[in-house]
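Data first, discussion second: the structure below is written as structure tokens.
In full-length UniProt numbering, the protein residues as written are 1 to 376.
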């Protein structure tokens with residue numbers, strides 16, 4: 001056990017923790033098993049709590065060197081405004097910018113480096129929250145770097161928007177969305193090294209509400225150095241939109257949905273509606289579980305690859321175009337648009353020929369019938 005004495009002004013917020021805390025002469029005893037640093041900001045360097053609270057940080061540096069020591073933490077609708085900040089954390093569960101329970105962090109010009117496990121430089125956790133990052137007034141790129149396991153550049157159980165970011169996660173995926181939450185990238189370059197490029201999923205921790213995971217990418221590039229798929233879906237429904245963006249991966253699997261360690265067997269395969277626009281990419285689309293369903297819509301773009309499982313691929317010349325299905329009938333062979341048209345024409349000719357044969361025999365039969373048979 002460790003003893004923590006809280007200022008009186010935040011005690012009302014801590015009433016929600018009555019199952020975990022016990023009052024004792026104005027002091028609160030916190031169990032070491034309570035994830036207080038993940039959800040409530042205890043042990044963090046700078047914390048803002050409450051809808052009337054706002055913290056402004058300008059031209060500063062924050063360093064933490066203990067477990068559970070996030071650098072900047074907003075919770076219970078608390079607000080941060082940050083300009084030009086450098087952050088370094090060394091131990092596990094020590095994120096850079098972290099927001100929970102509707103906290104809101106807006107930052108311009110950041111440089112974040114984390115070394116421990118579960119230390120995403122940009123993160124939201126239970127109760128959702130907002131983290132928004134822009135470049136500074138000198139048009140310099142924001143920098144994110146993490147090296148620990150489970151520490152993607154961006155981990156969202158809320159709503160995270162990043163503009164002008166260069167990020168590298170050597171011990172994790174490039175970006176992860178959990179539950180009905182979102183990541184929005186503009187002019188970003190993210191690199192991940194482990195498992196997948198992007199992961200969209202629903203865990204069993206109840207840290208994120210169940211719903212549709214959203215991922216948006218505009219004018220950005222995403223790279224994975226792993227052998228896994230570029231985009232991986234499990235135990236959730238997801239929507240992903242990529243505009244004028246690029247992928248770099250070696251697995252030749254662009255999009256995959258599969259059952260994994262989360263959810264109930266038979267219903268945890270995952271599904272996704274993915275749209276790419278004004279870009280070119282390759283890679284297979286695989287629905288690996290019986291309950292997995294994937295749709296890839298290709299708008300004013302080029303895509304080549306194979307499909308497997310319950311997959312629909314739609315080609316459009318523009319957003320307003322109704323499009324056409326271009327799903328390969330054989331997972332080992334990708335059919336071209338001309339091949340699809342050829343198959344359609346051949347099928348049409350066959351139907352017309354069949355109708356002509358039926359009409360011919362009907363007329364012939366009537367001609368051979370006796371005159372008395374046709375009388376009324």
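Ideal Cβ placement from N, Cα and C applies to all residues, glycine included.
Next on the checklist: Checking 8 Å against the spacing of the C-beta atoms, do residue 215 and residue 240 come in under that value?
Outcome noted: yes
Next on the checklist: Using 8 Å as the threshold, is the C-beta distance between residue 231 and residue 270 below it?
Outcome noted: no
Checklist entry - Expressed to the nearest angstrom, what Euclidean distance is found between the alpha-carbon atoms of residue 114 and residue 74? => result Taking the straight line joining both Cα atoms gives about 18 Å.
Item to check | Rounded C-alpha distance that separates residue 301 from residue 295 | outcome: The alpha-carbon atoms of residue 301 and residue 295 are separated by roughly 15 Å.
Item to check | Cβ separation of residue 156 and residue 181, assumed to be a contact under 8 Å, to the nearest whole Å | outcome: 5 Å
Checklist entry - Are the beta-carbon atoms of residue 176 and residue 225 separated by less than 8 Å? => result no
Checklist entry - Where DSSP assigns a beta bridge to residue 60, which residues make up the other side? => result Residue pairing by DSSP places residue 60 opposite 85 in a beta bridge.
Checklist entry - So which of 218, 217 and 203 has the shortest CA-CA distance to residue 384? => result The structure shown does not extend to residue 384, since the chain spans only 1 to 376, so no value can be given for it.
Checklist entry - Comparing alpha-carbon positions, which option in 133, 299, 200 and 286 lies nearest residue 82? => result 133
Item to check | Per DSSP, cross-strand counterpart(s) of residue 188 | outcome: 165
Next on the checklist: Suppose you measure from the CA of residue 46 to the CA of residue 88; what does that come to, to the nearest Å?
Outcome noted: Rounded to whole angstroms, residue 46 to residue 88 spans 13 Å at the Cα level.
Checklist entry - Taking the alpha-carbon positions, what's the residue 333 to residue 308 distance? => result Only weak support is given to the placement of residue 333: the predicted model assigns it a pLDDT of 35, under 50, and the value that follows is read from those uncertain coordinates. Cα-Cα distance, rounded: 11 Å.
Checklist entry - For the region 142 to 150 against the region 43 to 63, are there 3 or more C-beta pairs whose distance is under 8 Å? => result no
Item to check | Between the CA atoms of residue 68 and residue 29 - distance to the nearest angstrom | outcome: Reliability fails at residue 29, whose pLDDT of 42 lies under 50, so the model's placement of it is uncertain and no value is given.
Next on the checklist: If distances are taken between C-alpha atoms only, which option among 152, 170 and 64 comes closest to residue 199?
Outcome noted: 152
Item to check | Boundaries of the alpha helix (DSSP H) in which residue 134 is found, first to last residue | outcome: That residue, residue 134, is in no alpha helix (DSSP H); its beta strand (DSSP E) goes 129 to 134.
Checklist entry - beta strand (DSSP E) containing residue 39: first to last residue? => result Note, residue 39: premise wrong, no beta strand (DSSP E); alpha helix (DSSP H) at 36 to 39.
Checklist entry - So, using beta-carbon positions, are residue 413 and residue 72 closer together than 8 Å? => result No information on residue 413 is available, as it lies outside the stretch 1 to 376 that the chain covers here.
Next on the checklist: I'd like to confirm something about residue 291: is its beta-carbon nearer than 7 Å to some heavy atom of the ligand MG, or not?
Outcome noted: Absence of the ligand MG is noted for the structure shown, with no ligands found whatsoever.
Next on the checklist: Whole angstroms are fine: how far does the CA of residue 131 sit from the CA of residue 183?
Outcome noted: Going by the C-alpha atoms only, they are around 10 Å apart.
Item to check | DSSP three-state assignment for residue 196, whether helix, strand or coil | outcome: coil
Checklist entry - What's the gap between the Cα of residue 53 and the Cα of residue 266? => result 46 Å
Checklist entry - Between residue 137 and residue 108, what straight-line distance do the alpha-carbon atoms span, to the nearest angstrom? => result 8 Å
Next on the checklist: Assuming contact is defined by CB atoms lying nearer than 8 Å, are residue 394 and residue 80 in contact in what I supplied?
Outcome noted: Limits of the chain in this structure are 1 at one end and 376 at the other, which puts residue 394 out of reach.
Checklist entry - Could you give the distance in angstroms between the alpha-carbon of residue 288 and the alpha-carbon of residue 217? => result 25 Å
Next on the checklist: Please report the distance separating the alpha-carbon of residue 119 from that of residue 169.
Outcome noted: Approximately 10 Å between the Cα atoms of the pair.
Checklist entry - Would a C-beta distance cut-off of 8 Å place residue 129 and residue 93 closer than the cut-off? => result no
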